[in-house]
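S.K.: Residue numbers for the sequence shown follow full-length UniProt numbering, beginning at 1 and rising by one. Idealized CB from N, CA, C, for every residue including glycine. Since the model is a prediction, treat every value here as computed from it, not as a measurement. Following this message is one structure expressed as structure tokens.
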Amino acid sequence: MADKTRDPVHCHIVENATRELIKERGVTIEDIADIVYNMQVEYNNGLTMQECIDSVDRVLEKREIQHAVLVGIELDKLAEQKKLSEPLQSIIEMDEGLFGVDETIALGSVFGYGSIAVTTFGYLDKAKEGIIKELDTEPGNKVHTFLDDLICSIAANASSRLAHRIRDRQEKLRDEEIQRRDEEERMS
Ligand SMILES: [Ca+2]
């Protein structure tokens, strides 16, 4: 039975575990930020890599992302160690085409960032850019059935978040411009 009298796990422990797991599986924040940069640079030519890194960092602070990462990577690791029960062991190990739970878990964590995140996730899942492609084609006994979708999800969320932030900034600029014009009119 679940022990509900225990204190909840502190959010910093969960966030650190999430970051450690992603790193342990061979993906860096910069790898994810690279995808975000490529997705967003055509809409903002002043975009910097640092803004993309910051956006990925903010996304990793989200609890629903952290939980998705913990569950997905755990299953990848257990499959790699051949510790799952059959037939799940074989299904995850082979990344069976009709097994959609990896996508479902990752997709479940993109709704928090609105429709741009959802469409970007769909795009990345098909296009498999950058590190996502590398994970997909990595040789050996590595299992990345869940990881590739989770990285798509983090990159999609960070892209959407960035798109909204940049728009906010532009609107604010417009407000200042409106204010300036207002003042000029008043002075004349
Ligand atoms: Ca997958």
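#1: Beta carbon of Asp149, beta carbon of Asp182: below 8 Å?
#2: Just to confirm the assignment: which complete alpha helix (DSSP H) runs, minimum length 4, are found wholly within the stretch 97-139?
#3: Excluding the five sequence neighbours on either side, which residues of its own chain have a C-beta within less than 8 Å of the C-beta of Phe111, listed in chain order?
#4: Taking 7 Å as the cut-off, is the CB of Asp76 close to at least one heavy atom of ligand 1?
#5: Under a Cβ-count criterion, where at least 16 other Cβ atoms within 10 Å of its own Cβ denotes burial, should Val56 be classed as buried or exposed?
#6: Alpha carbon to alpha carbon, what distance is there between Val101 and Ala155?
#7: Applying the 10 Å Cβ sphere with the 16-neighbour rule, what's the burial state of Ile178?
#8: Find the nearest neighbour of Lys62 within the set Ile13, Pro87, Ile166, Ile132, judged by alpha-carbon distance.
#9: Compare the beta carbon distance of Leu162 and Val36 with 8 Å and say whether it is the shorter of the two.
#10: Does the contact criterion of 3 or more C-beta pairs under 8 Å hold for the stretch 33-53 versus the stretch 134-144?
#11: I need the DSSP call for Glu30, collapsed to helix, strand or coil.
#12: Spatial neighbours of Cys152 within its chain, please: C-beta separation below 7 Å, excluding the five flanking residues on both sides.
M.R.: The relevant details are as follows:
#1: no
#2: 101-108, 114-127, 131-137
#3: So the qualifying residues of the chain are Ala117, Val118.
#4: no
#5: buried
#6: 19 Å
#7: exposed
#8: Ile13
#9: yes
#10: Too few Cβ pairs lie closer than 8 Å, so no.
#11: helix
#12: Ala106, Phe121, Leu124, Asp125, Ile132
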